[in-house]
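One structure is given below, encoded as structure tokens.
Numbering (the numbering used here), first residue to last: 377 to 462.
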């Protein structure tokens with residue numbers, strides 16, 4: 377039969393292993409939370425980039441539209457001048 381000291385030591389080892397396991401679970405939880413935080417940061421950064429690109433695209437569409445109107449006006453003016461010459 378095992379001695380009382382041996383049994384106490386086995387119990388201590390079990391408690392130590394439980395503590396190590398608990399610490400590992402906490403570290404895993406922290407690692408998991410850190411990964412989520414980093415992914416959320418990347419999502420926010422990409423959403424800002426998307427918004428910026430969308431705004432630039434809308435602005436370029438507006439500029440393109442204004443250029444098209446100016447070209448139409450100039451062409452109409454030139455056609456009128458051509459008609460007046462004939």
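Note that CB positions come from ideal geometry on N, CA and C, so glycine has one too. Treat the numbers as computed from the prediction; the structure is a model and nothing was measured.
Where does residue i fall in DSSP's three states?
| i | result |
| --- | --- |
| residue 436 | helix |
| residue 379 | coil |
| residue 462 | coil |
In its own chain, which residues sit with a C-beta less than 6 angstroms from the C-beta of residue i, not counting the 5 before and 5 after it?
| i | result |
| --- | --- |
| residue 425 | none |
Note down, in chain order, each residue of its chain lying with its Cβ closer than 7 angstroms to the Cβ of residue i, except the 5 sequence neighbours on either side.
| i | result |
| --- | --- |
| residue 393 | none |
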